[in-house]
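In this text, residue positions in the sequence shown follow my numbering: the first is 1072, and each later residue adds one. Ideal Cβ placement from N, Cα and C applies to all residues, glycine included.
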Amino acid sequence: MQFSRSVPVRDERETHSFPTDDIVGNSLSRFHEIYECQDCHSLWWIKTRGTGDPRSTYPEFYEQTAERFDDQRSELIRNPSVAGIILHKDSAFPYSFFEEILEIVVLSEKERLKELYLSREQNVHTSVKLWLRRWFLKEYPQESEEIQKKGFPSFSNQLLSLDAEESVLVSEFIARDQFAFITSCEDKWQLQTYDLNIKQILWTKQIQRPFLEGLQIPILFYQSGYLCSYQGFQNGSEYYSKLHRPETLCIYTLEGKEILSISLKFRCYEILSTEERDISESRISHNFNFTILSDKLYLPHQSQIHVYDLKTGKQLRTISLPKSEVFSGKAFETESGQLLFHTLKGLVGMNAEDQVIFHYSSPYHPVFIDSALRLYYYYSIVESADSGKKIEFKQTHASGISLIRALASKPVEFPGGIYLPFSMDGSYLLDSQLKIIKELPFSSTDTIGPHAFGIEKTPVLVTDDRITITDDYSGIYMIDFSGNLIFEKEIQSEVLSLFTFDGKHIVVVLTKQDDYSDGEQIELILLSPDGNIIKEKILPSLPGLSVSFDGISVFAKGNQIYSIDLFATGKV
């Protein structure tokens, strides 16, 4: 039942005051804008608002409306409870109603409200979350401070406390129980390692400023038994930071001995669509990678490859690539002992004497080269380096027009096939001969398109017999190698990271924003190989996060480093 009436505005400085006694008698309620009728004892929502032409600066009429509450909402008003607050998350009430009812509920269900806050209950109205946040901070200041430091809720173990002005930039596990991390304090940076068993820092080194001014590439990482870091800065462009490059590569033993500190001569290109239209599209092509094979480092150096012996730290030789090809940093050793180098435009094969035995160069920049020596371009053209044959993946529209598809992110190779994620319109699972196994209705985050310059995320990951695909603000999907959907989860945030720490379990890191906190947060989701969610955790931030082979996660908040066992059971 509803009722309304209005009067013209006579004075813009005053709001018209309507009576309520001719609707509900003289009865008043303890809630703003809610009244109980003296005769029938029904509850009414009576409010006054300005209305009229929306183009007018001031209202033309003042309108009073009265709406009778149904039995379900009336029950919550008469008998306030936490259960009722959850039940009526999306029900219509006056603006201040939930805050008013919480002031009543807190007198009888204080512990239940605390549980709501600690569990970050999402099935409540936004005003309830905001009220709980303010209330918890006032009522439980010590617990609130712990949550701010250690994540939400406070479930982690503090490992160490750094100097007050020191903060952690990145961490990386280098053994089952040891991780390395870089800290900054004013203009000083340190590389350190920590042992989880003895709970001590093993060694500390002063280092140059890490590479922080360009693409978000890894600046500290483990590779083939060595700890590597990118330091310093080379200005690639006055106007475009994505062309900046690191200045120095430092390689250490896991015991902290510096083996090499090498001045870098990386090359990078801004690919213009006018030069490679319909093939590569606009993007940036870098060669930030390097390869370590049998304790030998293969490092890009302009149009050459510098080879270092990591046992002695000495440079062994320089390999010149034909036709000024640029080494991408990816090298592979064949069963016969030959070396295959991926370049920014093709492939170069060499024997033990560094003689070129195979060379294939494309006029364009491929985004990916697979193990069968096939080159994949941004527009879905696949070119065989062995035969020169090309395959195009097109989509035929209802109008009959057939257009070539565009890739959203780099293709991903798995045993027996290739996964191709397309921009906007699904993806393909292909066999080893590039025949379509299955067409899938979802795709991955766009990381190589013309509007995705510099994005270094890897949105697709292959583990034992699974492929995990992530798409920002859309979903997380897990399929087997036949294309059967094993797991699907809708998401409404950005995927910051996707990785595995043991080759089986999957970690997805998302941005996390809700009304329980206004600080920077991330959500960590641990998935089993079968697509079950093992754990969901909310942590303070991404910098300093890493996970060991055994599922021990470390993360940082300010000058504190904490740990959590992702496989631990019990209440979280």
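Cβ-Cβ separation, residue j to residue i (assumed contact under 8 Å), whole Å
i, j, result
"Ile1604", "Ile1596", "6 Å"
"Asp1542", "Ser1515", "6 Å"
"Gly1327", "Trp1260", "Gly1327 to Trp1260, Cβ: 15 Å. No contact."
"Arg1204", "Asp1586", "7 Å"
"Asp1441", "Ser1480", "That belief does not hold up - the Cβ atoms of Asp1441 and Ser1480 are roughly 15 Å apart, past 8 Å."
"Tyr1133", "Val1080", "6 Å"
"Gly1574", "Thr1534", "6 Å"
"Gln1287", "Thr1264", "Not really, about 23 Å apart at Cβ, beyond 8 Å."
"Leu1581", "Ser1564", "5 Å"
"Ile1632", "Val1241", "Their Cβ separation, rounded to whole angstroms, is 12 Å, which puts Ile1632 and Val1241 out of contact at 8 Å."
"Val1453", "Leu1505", "6 Å"
"Ser1494", "Leu1511", "Incorrect: roughly 14 Å between the Cβ atoms, too far for contact."
"Pro1281", "Tyr1301", "7 Å"
"Gln1375", "Leu1387", "Not quite, the Cβ-Cβ distance comes to about 13 Å (not below 8 Å), so this is no contact."
Bridge partners - residue i, DSSP secondary structure assignment
i, result
"Tyr1490", "Val1483, Leu1500"
"Gln1229", "Tyr1633"
"Pro1281", "Gln1302"
"Met1421", "Leu1410, Val1427"
"Asp1266", "Gln1249, Gln1271"
"Gln1069", "The shown model of the chain, from 1072 to 1643, leaves out residue 1069, and the question about it has no answer."
"Gly1546", "Asp1542, Glu1561"
"Glu1243", "Ala1251"
"Ile1604", "Leu1598"
"Lys1506", "Answer by DSSP bridge pairing: none, since Lys1506 is not bridged."
"Leu1532", "Thr1539"
"Glu1454", "Leu1446, Lys1461"
"Glu1404", "Leu1410"
"Lys1200", "Partner(s): none; Lys1200 has no beta bridge."
"Ile1440", "Leu1446"
"Ser1077", "Glu1134"
"Asp1517", "Looking at the DSSP assignment, Asp1517 forms no beta bridge with any residue, so it has no partner."
"Thr1571", "Ile1577"
"Gln1466", "Leu1474"
"Ser1588", "Asp1585"
"Ser1215", "BP columns for Ser1215 are empty, so no partner."
"Val1195", "None; Val1195 has no bridge partner."
"Lys1628", "Gln1631"
"Lys1336", "His1372"
"Leu1610", "Ile1593"
"Asp1551", "Arg1537"
Exposure label - residue i; buried when at least 16 CB within 10 Å
i, result
"Val1438", "buried"
"Cys1321", "buried"
"Ala1402", "buried"
"Ala1639", "exposed"
"Ser1227", "buried"
"Cys1339", "buried"
"Gly1641", "Note that Gly1641 scores 49 on pLDDT, short of 50, meaning its location in the model is unreliable; the coordinates nonetheless yield the value given after this. Burial call: exposed."
"Arg1120", "exposed"
"Val1378", "buried"
"Thr1467", "exposed"
"Ala1627", "buried"
"Phe1244", "buried"
"Ile1269", "exposed"
"Ser1075", "exposed"
"Ser1399", "buried"
"Asn1422", "exposed"
"Lys1181", "exposed"
"Asn1150", "exposed"
"Ile1330", "buried"
"Ile1489", "buried"
"Gly1307", "buried"
"His1103", "exposed"
"Gly1285", "buried"
"Arg1555", "For clarity, residue 1555 is Asn in the given sequence; the question names Arg instead. It is exposed - the Cβ of Asn1555 has fewer than 16 other Cβ atoms within 10 Å."
"Cys1111", "exposed"
"Arg1247", "exposed"
Check: residue i C-beta below 8 Å from any heavy atom of the ligand ADP
i, result
"Leu1283", "Questions concerning the ligand ADP fall outside what the structure shown contains, since it holds no ligand whatsoever."
With three or more C-beta pairs closer than 8 Å as the rule, is the stretch 1185 to 1201 touching the stretch 1151 to 1160? With three or more CB-CB distances shorter than 8 Å, the stretch 1151 to 1160 counts as touching the stretch 1185 to 1201.
Counting only runs of 3+ residues fully inside the stretch 1284 to 1334, write out the beta strand (DSSP E) ranges in chain order. Taken in chain order, the unbroken stretches of beta strand (DSSP E) that lie wholly in the stretch 1284 to 1334 and span 3 residues or more are 1291 to 1294, 1297 to 1302, 1319 to 1323, 1329 to 1334.
Quick one: which unbroken beta strand (DSSP E) runs of 3-plus residues sit fully inside the stretch 1096 to 1178? Chain order, please. The DSSP assignment places 1105 to 1107, 1114 to 1122, 1132 to 1139 as complete runs of the beta strand (DSSP E) inside the stretch 1096 to 1178, in order along the chain (cut-off: 3 residues).
Does the structure place the stretch 1302 to 1318 close enough to the stretch 1362 to 1375 that three or more beta carbon pairs sit under 8 Å? The answer is no - the stretch 1302 to 1318 does not touch the stretch 1362 to 1375, with fewer than three Cβ pairs under 8 Å.
Does the contact criterion of 3 or more C-beta pairs under 8 Å hold for the stretch 1134 to 1143 versus the stretch 1175 to 1188? With the cut-off at 8 Å, the stretch 1134 to 1143 and the stretch 1175 to 1188 do not touch.
Does the stretch 1343 to 1350 come close enough to the stretch 1376 to 1391 to have 3 or more Cβ pairs within less than 8 Å? Touching, no.
Decide yes or no for the touch test of the stretch 1544 to 1551 against the stretch 1609 to 1616: beta carbon pairs closer than 8 Å, at least 3 of them. No: fewer than three Cβ pairs fall under 8 Å.
In chain order, each alpha helix (DSSP H) run of at least 4 residues that lies wholly inside the stretch 1342 to 1409: Whole alpha helix (DSSP H) segments, 4+ residues: 1344 to 1347.
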